[in-house]
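These notes are about the structure you will find just below.
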Amino acid sequence: MATEILMPALSPTMEEGTLAKWLVKEGDTVSSGDIMAEIETDKATMEFEAVDEGIIGKILIAEGTEGVKVNTAIAVLLEEGEDASAVPTSAPVEAPAPSESPVEVAGGEIPWPLKPAEVAIAATLEPDWPEGTAMKQQTVREALRDGMAEEMRRDDTVFLMGEEVAEYQGAYKISQGMLDEFGDKRVIDTPITEHGFAGIGVGAAFGGLRPIVEFMTFNFAMQAIDHIINSAAKTLYMSGGQMGAPMVFRGPNGAAARVGAQHSQDYAAWYMQVPGLKVVMPYSASDAKGLMKTAIRDDNPVIFLENEILYGKTFDVPDLEDYTVPFGKARIWREGTDVTIVSFGIGMTYALEAADKLAEDGISAEVIDLRTLRPMDTASIINSVMKTNRCVTVEEGWPQGSVGSYISSVIMQEAFDYLDAPVITCTGKDVPMPYAANLEKHALITTDEVVAAVKQVTYR
Amino acid sequence: MAARKATSKPAAAKPNVSAEELTAYYKDMLLIRRFEEKAGQLYGMGLIGGFCHLYIGQEAVVVGLEAAAKEGDKRITSYRDHGHMLACGMDPNGVMAELTGREGGYSKGKGGSMHMFSKEKHFYGGHGIVAAQVPLGAGLAFADKYKGNDNVTFTYFGDGAANQGQVYEAYNMAELWNLPCVFVIENNQYAMGTSTKRSTHSPSYWERGAAYGIKGEEVDGMDVLAVKAAGEKAVEVCRAGKGPYILEIKTYRYRGHSMSDPAKYRTREEVQKMRDERDPIEAVRSMLLTGKHATEDDLKAIDKEIKEVVNASAEFAKESPEPALDELWTDIYA
Ligand SMILES: Cc1ncc(C[n+]2csc(CCOP(=O)(O)OP(=O)(O)O)c2C)c(N)n1
Ligand SMILES: [Mg+2]
């Protein structure tokens, strides 16, 4: 029986891809394991192997076609003895037009920061670059790499080490091209020995270098937690200020997509607790780049929490030779009067979506992106709450000891009289991350939950 | 010096293997291969999500070692675990349904490809953190020794995992306390995109045990009979209270590290050469045929039978419902 060969999903996040090249033609016999085509995913070019034996009856999608959705029929496989008349007569599937919108955000567009003209009061509304700066579109992935590369050009004590950062170009392709540019002295592949290489990184920092240590994901940094806390964070203090660890620990943090309990934890609240560390968790590409450059220049150990889902998102980034974003300065993405929504990192996706939905119901939400968790710009939160009298925090991590619970304690201590409702902390559910698609969706924070929380604090 | 070099003879030189045994290994290995191919296909269709690490090429390792195990023995491994589960007798339906994240899966859909367990089959996971299973395996062996039985634990890990510090902490204590643990290094030559040459200048992993006084040997992992013979020896040492024991099994993974690995770090020819010249299933197949233990038709019948089992598991995995939403909140505390 003739079977359709479908466009495969070749990564956890792939929804469509480019059929770069056919390596078989109609009439060719294939057997299991033969490479039939090359397919470009969001991350890499992959070889697509045959699973079944048969003869290529018809090629439905021509090579070079972009934006082919996963599960689209791309060819028809015949069994021995069948002829091409067994091919379903349906016309070849039209290749979908390449999508125009750069990155989809579930439920709507993210507004670019309020224009300077609309800026009312707080300094936190101003962008971190001069007025009139030209902007370009970049993914968070590219912005992170550019931030690192620019600092490596500027300072030859900066180097990058980690698993698969060099020859493989980064497990998540953050360090793409860096080995070529900087060579293997400065872009260094390590064995899988997190505790060991984190310790070597801290030692190198004591010795006068500025290491960037990549963890393939922050889940694996738990192997190295002793060096991060006991060696990197505490040494400056223990040495009476004589020596410290000017370095960056970075990598993706939090849930990706269906990678289960051991690969899906948000560590924001953990690291935020530690004196001696600085903790950064950007949302946009411009912040990812500007904060990365600040992190590398900082004389302290910086925990830089990225997010796999954000890597592929596109934002405007200032087209400047050099700009940095300071630590401890939040950014107001949206001004509002009825409630303050505070978030950071991927939590901003839900915060901004919720603000859009709330606007439809006539509720005006002010949305604050903390950008750095330590130092934390609590002054901007307090300012905002004094205006709105209500606050909801949004994060993916667990509820007990969350970032939000710290924020709510600060608000209670510093702006108690201004509150018209208790602060609500929206968090991930208090469970390890389940694998099943439906359960994972429920374990994560959702936009609807943020909307419901705002309605609760605004008594609507 | 406790460690010594292996002398695993080529499989053909082992006369005392029965036709039934050979046929059983053939079936077990073929089941793993076909199951993994099917899993790859379901991943491509979006029915399996996240990470999915296939075991294709390495089948002789688990099948050979399971042949040396007895009831009560335990096993623990990494995320590359589908083969281990099938080889120890876990139900393909339950494994495949876990891959699709359904109620009928071994962890009710909550674990996924990397995290499955079976108390009944003494399979202790399914671990996502590279090398974390190594001290855990030593701990399982500790429990058996403590209880005074003669069970052995097979603790599987990769060549990449073998560079983690906790492996050596576990080695030291395992030898200090003579734990009945077979440390199985599945050396498939790569840790993701990093070849062993690029991760260590001490490439003979089994010899590292000598520093702790642990015996061991290197084994040809593409030869199921050699693996079985080495497994029997290791198990005997452990049951006699003289464990642990290290087996470094030289094997090869045909597919990418996980489904999203473009595998640019090795040539297509290198993979093809392994497939053509060293395939563990083909080796047994030709032994069966040349030894006149089976006819082409017999083998075709087996192929068909396996295909049916695998297709049935895929059907089961598609049909099984998603877990009830209440499951989100269960199993957090005992
Ligand atoms: C502590 C830790 N670091 C990194 C990873 C990411 N990672 C998953 S598998 C893998 C390679 C492991 O290679 P190896 O031990 O040889 O096993 P194989 O995959 O070849 O079976 C890496 C780096 C991880 N899961 N855990
Ligand atoms: Mg390996």
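These protein sequence lines are chains A and B, in that order.
Mapped onto my numbering, the consecutive letters of the first sequence carry residue numbers 1 to 460.
Mapped onto my numbering, the consecutive letters of the second sequence carry residue numbers 461 to 794.
Glycine residues also receive a C-beta, built at the ideal position from the N, C-alpha and C atoms.
Could one say the Cβ of B:Gly500 lies closer than 8 Å to chain A's Cβ atoms, at least one of them?
-> yes
Give a yes or no on whether the minimum CB-CB distance between A:Arg186 and chain B is below 8 Å.
-> no
Going along chain B in order, which residues have a C-beta closer than 8 Å to the C-beta of A:Gln262?
-> Met574, His575, His587, Gly588 and Ile589
For chain A, find out if any of its Cβ atoms is closer than 8 Å to the Cβ of B:Arg440; answer yes or no.
-> The displayed coordinates of chain B run from 461 to 794. Any statement about residue 440 of chain B would go beyond what the structure contains.
Determine the closest residue to A:Ser409 out of A:Thr425, A:Glu395, A:Gly397 and A:Glu396, with distance taken between C-alpha atoms.
-> A:Thr425
Would you say A:Glu104 faces chain B, with C-beta separation under 8 Å as the test?
-> Per-residue confidence for A:Glu104 stands at a pLDDT of 44, beneath the threshold of 50, marking its modelled position as unreliable; the derived number appears in the next sentence. No - not a single Cβ of chain B is within 8 Å of the one on A:Glu104.
By C-beta, the residues closer than 6 Å to any heavy atom of ligand 2, given in chain order = B:Gly618, B:Asp619, B:Gly620, B:Asn648, B:Tyr650 and B:Ala651
Using 8 Å as the Cβ pair cut-off and three pairs as the minimum, do the segment 487–500 of chain B and the segment 538–555 of chain B touch?
-> yes
Smallest Cα separation from B:Asn609: which of B:Ala777, B:Tyr712, B:Glu497 and B:Gly701?
-> B:Gly701
A:Tyr459 - DSSP class collapsed to helix/strand/coil | coil
To the nearest angstrom, how far is it from the Cα of B:Ala670 to the Cα of B:Gly676?
-> 8 Å
Proximal residues to B:Pro640 (C-beta, below 8 Å), its chain only, five neighbours per side dropped | Ala601, Asp604, Lys605, Asp610, Asn611, Val612, Thr613, Cys698, Arg699, Gly701, Gly703 and Pro704
Out of curiosity, what's the CA-to-CA distance linking B:Ala422 and B:Asp757?
-> Examination of residue 422 of chain B is not possible in this model, given that chain B is present from 461 through 794 alone.
Specify whether the segment 210–224 of chain A and the segment 147–161 of chain A touch according to this definition: at least 3 beta carbon pairs, one from each stretch, less than 8 Å apart.
-> yes
State the Cα-Cα distance for the pair B:Met574 and B:Asp721, rounded to the nearest angstrom.
-> 16 Å
Could you name the residues of the same chain whose beta carbon sits closer than 8 Å to that of B:Ile674, not counting the 5 residues immediately before and after it, in chain order?
-> Ala462, Ala463, Tyr631, Ala634, Glu635, Phe643, Pro704, Tyr705 and Ile706
Buried or exposed for B:Lys760, please, with buried defined as at least 16 other CB atoms from any protein chain shown within 10 angstroms of its CB.
-> exposed
If you follow the beta strand (DSSP E) that B:Gln501 is part of, which residue opens it and which one closes it?
-> Here B:Gln501 belongs to no beta strand (DSSP E); instead the alpha helix (DSSP H) covers Ala479 to Gly504.
Using a C-beta to C-beta distance shorter than 8 Å, which residues of chain B count as neighbours of A:Ser32?
-> Glu497
Using 8 Å as the limit for Cβ to Cβ distance, is B:Glu787 near chain A?
-> yes
Nearest neighbour of A:Val279, chosen from A:Phe327, A:Ile225 and A:Ser402 [CA to CA] = A:Phe327
Between B:Gly618 and A:Gln176, what straight-line distance do the alpha-carbon atoms span, to the nearest angstrom?
-> 26 Å
For A:Ile192, the three-state DSSP class (helix, strand or coil) = coil
Tell me, please, whether the CB atom of A:Ile309 is closer than 8 Å to any CB atom in chain B?
-> no
For B:Ala528 and B:Gly691, the rounded distance between their alpha carbons | 6 Å
Under the three-state DSSP convention, the category A:Val431 falls into = coil
Which runs of the beta strand (DSSP E) spanning at least 3 residues fall entirely within the segment 281–316 of chain A, listed in chain order?
-> 301–306
In chain order, what residues of the same chain have a beta carbon less than 8 Å from the beta carbon of A:Leu114, not counting five sequence neighbours either side?
-> Any reading at A:Leu114 needs caution, since the residue's pLDDT is 30, under 50, leaving its predicted position unreliable; the model's value is listed next. Answer for A:Leu114: Leu125, Ile332, Trp333, Arg334 and Glu335, listed in chain order.
Near A:Ile174, what residues of its chain come up, given a Cβ to Cβ distance below 7 Å and the 5 sequence neighbours on each side ignored?
-> Arg141, Leu144 and Arg145
Mind the definition here: the segment 311–321 of chain A touches the segment 437–447 of chain A only if three or more C-beta pairs lie below 8 Å; say whether that holds.
-> no
Would you mind sorting A:Leu179 into buried or exposed? The rule is 16 or more other CB atoms within 10 Å of its CB.
-> buried
Cβ-based burial, A:Asp266 [other Cβ within 10 Å; buried from 16] | buried
Identify which residue in B:Gly500, B:Gly517, B:Tyr503 and B:Gln501 has its Cα closest to the Cα of B:Gln732.
-> B:Gly517
If you draw a straight line from the C-alpha of B:Ile709 to the C-alpha of A:Lys58, how long is it?
-> 43 Å
Applying a beta-carbon distance threshold of less than 7 Å, which residues of chain A neighbour B:Ala651?
-> Ile192
Does the beta carbon of A:Met216 fall short of 7 Å from some heavy atom of ligand 1?
-> yes
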